[in-house]
Amino acid sequence: MKKISFISILALLAFLLASCSQSAGKKVATTNKGKELFYKKCNVCHIDSRPTKEQAPYLLAPPIMGVLYHVKDGIKADNPAEKRKKAIAFIMDYVHNPDKSKSLCEAHAIKRFGIMPSLKASVTQEELRLIANYLYDNYPPADMKHEKMDKDMKGED
Ligand code: HEC
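Under our numbering, the first residue of the sequence shown is numbered 199, with each subsequent residue one higher.
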């Protein structure tokens with residue numbers, strides 16, 4: 199009898215530990231959901247780093263840091279909260295309904311890559327909200343030098 203209760207206490211402890219670590223894992227998963235979705239749905243075309251000279255000719259779309267640079271540069275608002283809201287709304291709309299007239303990227307980007315295809319069929323607005331929040335908070339990196347990247351993209355020195 200004594201032995202059984204010892205085992206059941208062990209089992210209970212193991213169960214508690216397991217459920218604890220599971221719920222901690224869930225929290226991380228929710229926070230990282232936007233990042234995870236970006237790598238699943240956007241990163242095939244938008245790379246997450248500054249392109250090397252070797253990569254530059256093979257890009258399918260502007261690097262995501264360049265995209266966010268232009269979105270933040272192009273959207274005007276009276277205060278940071280308003281700007282964030284507008285930028286996230288812009289990204290959520292553009293990915294479903296891309297259009298030349300809405301573009302905040304430079305004309306040469308569209309000339310080179312063409313207009314982005316609509317991802318209406320493969321990403322939902324809810325997923326896009328998570329992605330757009332993640333992107334807004336993490337790009338462009340503070341040390342990004344736009345002109346230098348632009349020259350690399352065009353193959354200039
Ligand atoms: C099949 C390739 C492809 C995928 C996948 C893709 N994009 Fe794009 N995206 C492009 C291209 C090409 C451009 C540049 C032309 C343009 O702006 O329309 C672009 C431009 C953009 C722009 C800038 C719009 C502007 O012109 O101001 C945003 C924002 C954007 N993408 C967000 C996303 C997000 C978020 C995802 C993932 C949900 C994603 N893209 C997935 C190809 C892609």
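Note that beta-carbon positions come from the ideal geometry of N, C-alpha and C, so glycine has one too.
Per-residue DSSP class, three states only, for residue i
| i | result |
| --- | --- |
| residue 219 | With a pLDDT of only 49 at residue 219, under 50, the local geometry of the prediction cannot be trusted, and the value read off the model is given with reservation. Reduced to three states, the DSSP call for residue 219 is helix. |
| residue 248 | coil |
| residue 313 | coil |
| residue 330 | helix |
| residue 253 | coil |
| residue 271 | helix |
| residue 307 | helix |
| residue 230 | coil |
| residue 321 | coil |
| residue 235 | helix |
| residue 297 | coil |
| residue 341 | coil |
| residue 266 | helix |
| residue 214 | Residue placement at residue 214 is poorly supported in this model, since its pLDDT is 47, which falls under 50; the coordinates still yield a value, given next. Three-state DSSP puts residue 214 in a helix. |
For residue j and residue i, believed in contact at Cβ under 8 Å, the rounded distance
| i | j | result |
| --- | --- | --- |
| residue 315 | residue 267 | With a Cβ gap of about 22 Å, residue 315 and residue 267 do not count as contacting. |
| residue 377 | residue 282 | The shown model of the chain, from 199 to 355, leaves out residue 377, and the question about it has no answer. |
| residue 383 | residue 328 | There is no way to answer for residue 383, as the model of the chain reaches only from 199 to 355. |
| residue 235 | residue 269 | Not confirmed; about 18 Å, so no contact. |
| residue 290 | residue 333 | About 11 Å; that fails the 8 Å criterion. |
| residue 294 | residue 265 | With 8 Å as the limit, residue 294 and residue 265 do not qualify as a contact, their Cβ atoms being about 16 Å apart. |
| residue 350 | residue 275 | Incorrect: roughly 30 Å between the Cβ atoms, too far for contact. |
Alpha helix (DSSP H) segment containing residue i, residue limits
| i | result |
| --- | --- |
| residue 242 | No alpha helix (DSSP H) holds residue 242; DSSP gives it neither H nor E. |
| residue 345 | 344 to 352 |
| residue 280 | 278 to 294 |
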